[in-house]
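Chemist: I'd like to ask some things about the structure below.
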Amino acid sequence: MATVREKIAYLRGLLEGTDLAGNGPQARVVWEKILEILDAVADRLDELELGEEEIEEYLEAIDADLADLEEEVLGDDFDDDDDGLDDDDEDAHFVEMQCPNCGETVYFEEHFLFGEHEVACPECGRLIYVLNGVESNGDASGREEDEDAGGTGGDAGEDGPPRA
12 MATVREKIAY
22 LRGLLEGTDL
32 AGNGPQARVV
42 WEKILEILDA
52 VADRLDELEL
62 GEEEIEEYLE
72 AIDADLADLE
82 EEVLGDDFDD
92 DDDGLDDDDE
102 DAHFVEMQCP
112 NCGETVYFEE
122 HFLFGEHEVA
132 CPECGRLIYV
142 LNGVESNGDA
152 SGREEDEDAG
162 GTGGDAGEDG
172 PPRA
């Protein structure tokens, strides 16, 4: 089966060798070929339109599936018209620290500063915040280091991460 371009090239060849001024049998053949090509173009356009409709339906199904996943993963906290303001997280404040080992900037919620939490660098895995203290140059410097009789804040460096 010849492509549309091949049919057009064949028709051009016929047109070059035919006198279109006359209404003879050759003119009729040329016009029949023109109509065949136009029919082929119309058929192909129909196929493309059908394919486009199928792709559109498939895309809509993917969009619906994605919306379901967003709802399942993010729940009611997901806001479609995100204006840059996190209305649900008005109370959340974040702290920025730099890992002394690899230099990676790490963000975590401020409440970690007031509890007995440890924060590890996601890049190198080294602890950068240990039990009320910040890991700095291999030493844990706790706020309650001198006041801590239990030894949980001041000696975190001894049990903590390896020193650089």
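Going by the numbering used here, the first residue of the sequence shown is number 12, and it counts up by one from there. Cβ coordinates follow ideal geometry from the N, Cα and C atoms, glycine included. Everything numeric in this text was worked out from a predicted model, so none of it was measured.
Looking at the unbroken beta strand (DSSP E) that takes in E120, where does it start and where does it end?
Modeler: The sequence position of residue 120 within the sequence shown is 109, counting from 1. Run containing E120: 116-120, per the beta strand (DSSP E) assignment.
Chemist: Using a threshold of 7 Å, is the CB atom of A75 nearer than that to any non-hydrogen atom of the ligand ATP?
Modeler: Questions concerning the ligand ATP fall outside what the structure shown contains, since it holds no ligand whatsoever.
Chemist: By the 10 Å Cβ neighbour count, where 16 or more other Cβ atoms means buried, how is L25 classified, buried or exposed?
Modeler: Locating residue 25 in the sequence shown gives position 14, where the first residue counts as 1. By the 10 Å Cβ count, L25 comes out exposed.
Chemist: Would you please state the rounded distance, in angstroms, between the beta carbons of E120 and F105? I believe it to be under 8 Å.
Modeler: In the sequence shown, the residue the question calls residue 120 occupies position 109. In the sequence shown, the residue the question calls residue 105 occupies position 94. That pair is a contact at about 6 Å.
Chemist: Hey, would you say E192 sits closer than 8 Å to E115, going by beta carbons?
Modeler: This structure does not reach residue 192, given that the chain is present from 12 up to 175, and the question cannot be answered.
Chemist: Alpha carbon to alpha carbon, how far is I48 from I19? Give it in angstroms, no decimals.
Modeler: Along the sequence shown, read from residue 1 onward, the residue named residue 19 stands at position 8. Along the sequence shown, read from residue 1 onward, the residue named residue 48 stands at position 37. Their Cα atoms are separated by approximately 7 Å.
Chemist: Following the continuous alpha helix (DSSP H) through E68, name the residue where it begins and the one where it ends.
Modeler: The residue labelled residue 68 in the question sits at position 57 within the sequence shown. Start and end: 36-85.
Chemist: Mapping DSSP to helix, strand and coil, what is E129?
Modeler: For the purposes of this step, residue 129 is taken as residue 118 along the sequence shown, with counting starting at 1. If DSSP states are grouped into helix, strand and coil, E129 belongs with the strands.
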